[in-house]
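Protein chains in written order, with UniProt numbering: chain A, 1 to 95; chain B, 1 to 95.
Even glycine gets a Cβ: it sits at the ideal position worked out from N, Cα and C.
Heads up: the structure comes next, in structure tokens.
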DNA sequence: GTTGAATTTAGGAAAATTCCTAATTAGTCT
DNA sequence: AGACTAATTAGGAATTTTCCTAAATTCAAC
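Encoded structure:
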């Protein structure tokens, strides 16, 4: 859970996640979208993988990364608990 | 938005936020709940304030910090957009 | 098996974060 | 005003993060 929010704390990693909404992308395609070296992007992908936010799978000779919605939902659950949006047991006191 | 997720990335800061769910607390009371120096906690509170997650207000001779739900909801909105929970325009293609 | 393309690992420099102690400020209360 | 309390700022050491270049790995395809 710590690695999850840590992963979400970097703008490049959030942007990578946003890119993957539409479907899996190859490591190289992701790297090409940034003004950084490919190894740097690999590092970010590793952080995302460690957090459970993405998972790699081979596609031909490239490796595609897929967004793992369940991890996003885990973060969502934490925040909903904080905001009351997910209700813990409050709000059902009549008057 | 960057400072928001950055603020959420530290376990102590998330725990502070969780403490504030029930209502505002004095800086000193928050500090007392941790095994760290008070100045360190002040630093974390500053990070949270910078992110808009908390706001200070004077109460007698102490200063109470209040959780700002709207900032939590901002993070929530970002994640919902990622997960589809908040839907962008998808899911309305019949069959 | 060798070649070649895609990707990751290694090693290390620069910058940012975290946390401490000591000193200071801000405000309350007599 | 003066003393006392609550909280913050300053300054700095240890650790972690970020990002680079160069080298190694992994497969697919011939």
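Beta carbon proximity, residue i to chain B, threshold 8 Å
{"i": "residue 56(A)", "result": "no"}
{"i": "residue 17(A)", "result": "yes"}
{"i": "residue 45(A)", "result": "no"}
{"i": "residue 97(A)", "result": "Beyond the ends of chain A as shown, which are 1 and 95, falls residue 97(A); an answer cannot be given."}
Straight-line gap, residue i to residue j (C-alpha atoms, nearest Å)
{"i": "residue 30(B)", "j": "residue 16(B)", "result": "7 Å"}
{"i": "residue 59(A)", "j": "residue 50(B)", "result": "43 Å"}
{"i": "residue 82(A)", "j": "residue 27(B)", "result": "19 Å"}
{"i": "residue 67(A)", "j": "residue 56(A)", "result": "9 Å"}
{"i": "residue 61(B)", "j": "residue 54(B)", "result": "19 Å"}
{"i": "residue 23(A)", "j": "residue 45(A)", "result": "15 Å"}
{"i": "residue 8(A)", "j": "residue 1(A)", "result": "11 Å"}
{"i": "residue 10(B)", "j": "residue 40(A)", "result": "23 Å"}
{"i": "residue 38(B)", "j": "residue 12(B)", "result": "13 Å"}
{"i": "residue 25(A)", "j": "residue 74(A)", "result": "23 Å"}
Proximity of residue i and residue j at Cβ, strictly below 8 Å
{"i": "residue 4(A)", "j": "residue 52(A)", "result": "yes"}
{"i": "residue 85(B)", "j": "residue 76(A)", "result": "yes"}
{"i": "residue 19(A)", "j": "residue 32(A)", "result": "no"}
CB contact check: residue i to chain A, cutoff 8 Å
{"i": "residue 5(B)", "result": "yes"}
{"i": "residue 85(B)", "result": "yes"}
{"i": "residue 33(B)", "result": "no"}
Residue i Cβ short of 7 Å to the ligand NAP heavy atom set
{"i": "residue 85(B)", "result": "You won't find the ligand NAP in this model; it holds no ligand whatsoever."}
Endpoints, the alpha helix (DSSP H) within which residue i is located
{"i": "residue 24(B)", "result": "Run containing residue 24(B): none; DSSP gives neither H nor E here."}
{"i": "residue 83(B)", "result": "69-83"}
{"i": "residue 7(B)", "result": "2-8"}
Host beta strand (DSSP E) of residue i (start-end)
{"i": "residue 55(A)", "result": "54-59"}
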